[in-house]
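First comes the structure, then the notes that go with it.
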Amino acid sequence: MNEVISFQGVNFSYGKNKVLEDITFSIEKGDFAAIIGPNGGGKTTILKLILGLIHKEHGTLKVFGQDPAKNNLKIGYVPQFSVHDSSFPIEVEQVVMSGLLNSFSFGPFYNKEIKEKVKDALAKLGLSDRAKDRFGSLSGGLKQRTLIARAIVSQPQLLLLDEPVSSVDSSVEKDVFEMLNEFNKTMTIVIVSHDIGFISGFVNKLACVNRTLVMNDAKNVTFNDIDALYKGNKVGINHKCGI
Amino acid sequence: MMMEFFNAVLTFNFLQNALAAAFLASFSCGISGTFVHINRITFITGGIAHAVLGGVGAAVFFGFSPMAGAIAVSIVFAVILGLIRFNGGQHEDTVISALWGCGMSAGIIFIYFSPGYAVNLSNYLFGNILLVSKGDLISLSILAAVVFLIMAVFYRQFAAVSFDEEYARIRGLKSSIIYIVMLIMIALTIVVLMKVVGLILVIAFLSFPSATASIFSSKIPKIMLLSFVFSFVFSLTGLGVSYSYNLPTGAAITLVAGFVYIISIMIRRYYEKLF
Chain A
46 MNEVISFQGV NFSYGKNKVL EDITFSIEKG DFAAIIGPNG GGKTTILKLI
96 LGLIHKEHGT LKVFGQDPAK NNLKIGYVPQ FSVHDSSFPI EVEQVVMSGL
146 LNSFSFGPFY NKEIKEKVKD ALAKLGLSDR AKDRFGSLSG GLKQRTLIAR
196 AIVSQPQLLL LDEPVSSVDS SVEKDVFEML NEFNKTMTIV IVSHDIGFIS
246 GFVNKLACVN RTLVMNDAKN VTFNDIDALY KGNKVGINHK CGI
Chain B
6 MMMEFFNAVL TFNFLQNALA AAFLASFSCG ISGTFVHINR ITFITGGIAH
56 AVLGGVGAAV FFGFSPMAGA IAVSIVFAVI LGLIRFNGGQ HEDTVISALW
106 GCGMSAGIIF IYFSPGYAVN LSNYLFGNIL LVSKGDLISL SILAAVVFLI
156 MAVFYRQFAA VSFDEEYARI RGLKSSIIYI VMLIMIALTI VVLMKVVGLI
206 LVIAFLSFPS ATASIFSSKI PKIMLLSFVF SFVFSLTGLG VSYSYNLPTG
256 AAITLVAGFV YIISIMIRRY YEKLF
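What follows is the structure in structure tokens.
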């Protein structure tokens, strides 16, 4: 089965506020897809629907061919810039370990196999020498790397990232996308962003969302589409993928 | 003065019992206080602590064991407050305040209609560590063991839900159930502490040692251990001061804990400025 995520006519509202309307798109195995759109356009809501944190009102939504949340252990998730309490007493290593927790994780200790996996994930993200640092004391970029390490430590088949570079400078942004490009060799990636800049050079599929889906193909996006999505004055830039 | 106290401990049974109770309370406090501190749930904890008086009052009135009443009501309120935390929305604070006030008021009215009203009420509100019996010590030991067992089994899940509740849910953890189990652990600790510092001072005693410990460490297990050590030292010192100057024990212990906490903050601020 190649279809990882499938939205068919999905609607969602927060109370009386309609956030998503008639959303239809699919993500295939191996895709590096981006969901872009203005703030409040429903991008994060799409990720929360995929994770089963909230539930659709109408339409059909399948993740790995099943209802959302049934296969969450196959998914790695990087939330929007860390809203974690910076005084919380937890080390980088322990944050990453929590990416391997499941409902049967009883007892106070982690086994050797888990420790090895965490060591590997920290090494991949260049955090080996930060393993014992307090998470709250890290810079925005290092916190983001830690959260990515937590998401990939379970070697997920699908990696969801919500604005992973919103709190880092452009040099770190480039590093993050190059790293994601590497991960894309073994996992399907869906990234949410309000900035089409760096994304355009890496993704093969694009969903532009502003309550409804404006278009769903990276190759056919035109300046007019972006204008329709964001409204108002825009500056056109040519990107690698032709956008 | 403190030497006199230590000599008295070697002589009097009631002081030995008091020290044993303080040890058991400190042990439970080290575990639960840490989770109260890192989750910043002092208000919910206060709600459970004060509502427990309703169970104590009902038990006294109907002739049951006050500790059994306290355990039953603390667990019920922990479950209710846990559910409110996840489903209460914007009204969470109001509902907790209502349960806090109603539970305590019901307790006061029950105790008012029971024989020996004044003595009983004072004991539960301000603690009666000097009146702890051998039977009480057995009950406190069992409660402390249950608190330890809950922590040992659920430690990783408690830490995960405390740090990032949403991510824990994504990983398949039943966050609301884990949160309620954590509140039950805290509720049982409150029952243990009721004997030592009384229900009114429970919040302070659950907060000060773990807050002081977190100044010196940034790891949850170390905070638990330090918090346990601090709790016992505060209890011992408070007990000594109370014995020497004939002061209410629960209040003396809490004041010692508060004093050390303030001094610790000042020392940390001084060193932060220095380096």
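Chains as they are written, first to last, in this note's numbering: chain A, 46 to 288; chain B, 6 to 280. From the three backbone atoms N, C-alpha and C, an ideal C-beta is built for every residue, glycine too.
- Straight-line spacing of the CA atoms in serine 216 of chain A and asparagine 156 of chain A works out to 37 Å.
- Setting aside the 5 residues that flank it on each side, isoleucine 228 of chain B is surrounded in the same chain by Thr39, Ser215, Ala218, Ser219, Ser222, each with a C-beta closer than 7 Å to its C-beta; the list follows chain order.
- Contact check between the stretch 252-272 of chain B and the stretch 232-242 of chain B: three or more CB pairs, one atom from each, fall below 8 Å, which counts as touching.
- Boundaries of the beta strand (DSSP E) harbouring aspartate 67 of chain A: 62-73, taken from the DSSP string.
- Look at glutamate 102 of chain A here: in three-state DSSP terms it is coil, with no helix or strand label.
- Pairing leucine 106 of chain A with serine 51 of chain A gives a Cβ-Cβ distance under 9 Å.
- It is roughly 7 Å from the alpha-carbon of valine 198 of chain A to the alpha-carbon of valine 141 of chain A.
- Proximity to isoleucine 72 of chain A across A:Leu92, A:Leu65, A:Asp165 peaks at A:Leu92, based on C-alpha coordinates.
- Taken in chain order, the members of the stretch 212-245 of chain B whose beta-carbon sits within less than 9 Å of a beta-carbon on chain A are Ser219, Ser222, Ser223, Lys224, Ile225, Pro226, Lys227, Ile228.
- Apart from sequence neighbours up to five positions away, the residues of its chain that approach serine 167 of chain B with a beta-carbon distance below 6 Å are Ile43, Asn44, ordered along the chain.
- DSSP places glycine 144 of chain A in the helix class (H, G or I) of the three-state scheme.
- In the structure shown, the three-state DSSP call for asparagine 117 of chain A is helix.
- Among the residues of the stretch 154-184 of chain B, those with a Cβ less than 9 Å away from any Cβ of chain A are Met156, Ala157, Val158, Phe159, Tyr160, Arg161, Gln162, Ala164, Ala165, Ser167, Phe168, Asp169, Glu171, Tyr172, Ala173, Arg174, Ile175, Arg176, Gly177, Leu178, Lys179, in the order of the chain.
- Put simply, the backbone Cα of valine 210 of chain A is about 28 Å away from that of lysine 115 of chain A.
- At a C-beta separation below 8 Å, glycine 82 of chain A has no neighbours in chain B, since its nearest C-beta there lies roughly 22 Å away.
- In the DSSP assignment, leucine 279 of chain B falls within the alpha helix (DSSP H) that extends over 254-279.
- The C-beta separation of valine 152 of chain B from methionine 109 of chain B comes to about 23 Å, leaving the pair out of contact by the 8 Å criterion.
- The beta carbon of glutamine 139 of chain A sits closer than 9 Å to some beta carbon of chain B.
- A Cβ of chain A is located within less than 9 Å of the beta carbon of isoleucine 43 of chain B.
- Look at isoleucine 49 of chain B here: in three-state DSSP terms it is helix.
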